[in-house]
Amino acid sequence: MFSRLLNLYSFVRLCLWQGKANNTKLILAMIVDVLNSTIKVGGAILIGQEVIVLSAGNGTLAINSFIMAVAAVMAIAINILPIARGYLLSSVRSNTQSSLLERLLRKTYQMKLDEHIAAPTGRFPQLLTAVYSNVEKVIPTLHGELFPAIVDLVAIIAGLFYINFYCGLVAILGLGIYCVSASYNAAKMGQASKFRLSASYGAYGGLLAAIARYKVAHQFGNVEYEVKKAREVLDVQKNAFMGVHRQDVFSGLRNNIIAIATIVLVAGLAVYGFLYTGLNMLEAMLAGYLASILIGPLRSLGKALEQVYVDSIECEKIIDFTTSDSGLEQSSDAQDLKIAAAPSIEFRNISFSYDATKEKKTLNDVSFEVRSGQTVAIVGESGAGKSTLVNLLMRFYAQDTGEVLVNGKDIRTVTAESLRSHISVVSQNPDLFQGSIAENIAYADWSADKGQIEQAAKAGGLDAWLESNDRSLEEQLGGSGDSISGGQKQRVSLARALLKDGEILLLDEATSALDISTEKEIMTRVEAVTKGKTVIVVTHRITNIVGVDWIVYLQEGVVKEQGTFAELLKGKGLFYQQLKTECDKLGIDINKLEVSNKLSEATSQEVLEM
1 MFSRLLNLYS FVRLCLWQGK ANNTKLILAM IVDVLNSTIK VGGAILIGQE
51 VIVLSAGNGT LAINSFIMAV AAVMAIAINI LPIARGYLLS SVRSNTQSSL
101 LERLLRKTYQ MKLDEHIAAP TGRFPQLLTA VYSNVEKVIP TLHGELFPAI
151 VDLVAIIAGL FYINFYCGLV AILGLGIYCV SASYNAAKMG QASKFRLSAS
201 YGAYGGLLAA IARYKVAHQF GNVEYEVKKA REVLDVQKNA FMGVHRQDVF
251 SGLRNNIIAI ATIVLVAGLA VYGFLYTGLN MLEAMLAGYL ASILIGPLRS
301 LGKALEQVYV DSIECEKIID FTTSDSGLEQ SSDAQDLKIA AAPSIEFRNI
351 SFSYDATKEK KTLNDVSFEV RSGQTVAIVG ESGAGKSTLV NLLMRFYAQD
401 TGEVLVNGKD IRTVTAESLR SHISVVSQNP DLFQGSIAEN IAYADWSADK
451 GQIEQAAKAG GLDAWLESND RSLEEQLGGS GDSISGGQKQ RVSLARALLK
501 DGEILLLDEA TSALDISTEK EIMTRVEAVT KGKTVIVVTH RITNIVGVDW
551 IVYLQEGVVK EQGTFAELLK GKGLFYQQLK TECDKLGIDI NKLEVSNKLS
601 EATSQEVLEM
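Just so we're aligned, residue 1 is where the sequence shown starts under UniProt numbering, counting upward by one.
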């Protein structure tokens, strides 16, 4: 039980107590709870004492007025103070929810790319749901049930000790037994809730996965198969929920028996004291009254302890996620990267593996340089490690060994945000969102005006939207840009990259999903607008890279060849073999390709002297 309280405290410390405003409101809410309990118990004792004085014949009008005033204060306090506490806690809850969701989002953006890819379906929606539900439950549990219940119990037991020592002693013994039982029940409830939570996440992820397979399920006639699979995980969830409900019933029954037994014993002692030990009637009645109101805070305590277990289990997931080390955290002394012109880029002895347990590396001792203002193509068959190099440059991953240098600076010594601010990217799958074409382009620079957006759109090949009466840049795209073709998506993506105007342009398989003519058009536009930039082209189709300054050929994570287009053709190595295969498929004579581009005149020495 203690460890669960510590987990919950860690969650509270993580978020609930951030900021002076939350601190102040939480402390005020606690003060309100103490004041409310003191008035409830202390007021009843004061009234009882004054009634005893009156019954002895010593009462006056002033004393009667005092009793009425105390009763009025009690009535007002008991009704008003909980409202004040609720207002304070609701404010804390909303502040907490916002700060924790922001922290969760920031942590998500700090993760390595493979942590996103490898995450179970629905993991992040589940975490978001957990944040909402836990903030909604933790504050009421701690400050709406647990803390008020403890304060009420302390006040009631103190009052019983004040009236009769033995009544107080029995009450505190009963409380001890109740706490042991409640802790045991809470542990059982926690185990059942953990299974329920796991089953719920499994069902949630399973349903999301089934919905994502909507198209393929219809294509292959597997709708009933998907429904059957979903029913299996839903049955597991149903059984888990039933287990929680059964445990809740048995736990409540056991706790109620102990609570009622405690109340009966305290009330019985009060009656015994009145009959045999000189306790007067009003004191006995007051002890009986205090015993009767024990049931409320005892039940609240039991429920709160159970909720502590349940909440702490869900909080563990949030704590683990927000405090985990992704391996990409930058050092506190990282500096902003400042670039005035097209920079040089060097990959020096880079080795990297997605899975450290496997001997085979994705990249193995890769070294090459991209000089300032050069256009360099990284080519090779699928799976050679080309896109991994781009992801290392973007700092979506951290290399195992070696250095990635920009203008001679190790990118691990600069802030990731400043590094990425100098890089424009056009990827194989453009990340377009629901909104207008103009909004998708402006995502690169929200300060851009209409003229700048139109200029980028024209440079990117979106002339149809600029010159047609039927189309405009205000045309709305569906989710992921599904309302336009693949070539049009790439043009929007290119326009966005050009609007950002980074000193480095990365084309990561940017044209691999396009037909040859569209690919050639896109590459021609890129060549026209990238003068004065350092460009890296990643592709496994090499028929359209004849004009690049340098080519690096990767195979299974190793640099097998590098040089100019002409040199690699002359060498008739792996690059030549892949190019010949592509030319044969397209019906192109590789010798004519070589002559038509007049590349035989280029040499690696000329490239190095640029």
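Cβ atoms here follow ideal geometry from the backbone N, Cα and C, with glycine treated the same way.
Cβ-based neighbour list, residue i, same chain, cut-off 7 Å, excluding 5 preceding and 5 following
i, result
"Arg213", "Glu226"
"Lys458", "Leu466"
"Leu286", "Ala44, Ile45, Gly48, Ile163"
"Ala448", "Ala442, Leu499"
"Ala29", "Arg85, Leu88, Leu89, His143"
"Val425", "Ala497, Leu506, Asp508"
"Arg471", "Ala464, Trp465"
"Lys25", "Leu88, Ser91, Val92"
Check whether residue i and residue j have beta carbons under 8 Å apart
i, j, result
"Phe565", "Val546", "yes"
"Ile437", "Val492", "yes"
"Ala304", "Glu439", "no"
"Ile177", "Ile295", "no"
"Gly175", "Gly168", "The sequence given here has Leu at residue 175, not Gly. No."
"Val233", "Gly268", "no"
"Thr388", "Leu363", "yes"
"Ser418", "Asp336", "yes"
"Val548", "Thr375", "yes"
"Ala291", "Ala270", "yes"
"Thr262", "Ala171", "yes"
"Arg525", "Leu494", "yes"
Residue range of the beta strand (DSSP E) that includes residue i
i, result
"Gly563", "558-563"
"Ile536", "534-539"
"Leu363", "363-370"
"Phe352", "345-352"
"Glu403", "401-406"
"Asp508", "504-508"
"residue 614", "The structure shown has nothing for residue 614, since the chain only spans 1 to 610."
Buried versus exposed call for residue i [16 or more other C-beta atoms within 10 Å across all chains shown]
i, result
"Gln219", "exposed"
"Gly451", "exposed"
"residue 618", "There is simply no residue 618 to check, as the chain begins at 1 and stops at 610 in what is shown."
"Asn591", "exposed"
"Ile378", "buried"
"Met394", "buried"
"Ile542", "buried"
"Arg85", "buried"
"Ala199", "buried"
"Glu359", "exposed"
"Tyr109", "exposed"
"Thr96", "buried"
"Arg246", "exposed"
"Ser98", "exposed"
"Ala149", "buried"
"residue 637", "As shown, the chain starts at 1 and ends at 610. That puts residue 637 outside it, with no answer to give."
"residue 612", "With the chain covering only 1 through 610, there is no way to say anything about residue 612."
Unbroken alpha helix (DSSP H) run spanning residue i, endpoints
i, result
"Val223", "223-276"
"Glu487", "Before going further, note that residue 487 is Gly rather than Glu in the sequence given. Looking at the DSSP string, the run of the alpha helix (DSSP H) that includes Gly487 is 486-500."
"Thr581", "574-586"
"Glu417", "416-420"
"Leu175", "165-212"
"Asn391", "386-393"
"Asp470", "It is not in any alpha helix (DSSP H) - Asp470 carries neither H nor E in the DSSP assignment."
"Ser292", "281-292"
"Gln335", "Careful: Gln335 lies outside any alpha helix (DSSP H) and carries neither H nor E."
"Gly451", "450-459"
Which residues DSSP lists as bridging residue i, in chain order
i, result
"Trp550", "Val376"
"Gly435", "Leu477"
"Asp410", "Leu405"
"Gln555", "Val558"
"Gln307", "Paired residue(s): none; Gln307 is not in a bridge."
Own chain, CB closer than 6 Å to residue i, minus 5 neighbours either side, in chain order
i, result
"residue 631", "In the structure as shown, the chain begins at 1 and stops at 610. Residue 631 is therefore absent and cannot be evaluated."
"Lys572", "none"
"Asp410", "Glu403"
"Val366", "Phe347, Ile350, Val559"
"Gln476", "Ser436"
"Gly243", "Ala192"
"Leu61", "Residue confidence for Leu61 is low, a pLDDT of 46 falling below 50, so the modelled location carries little weight; the figure read from the coordinates is stated next. None."
"Arg299", "none"
Residues near residue i in its chain [Cβ-Cβ closer than 8 Å; skip 5 each side]
i, result
"Val529", "Ala459, Leu498"
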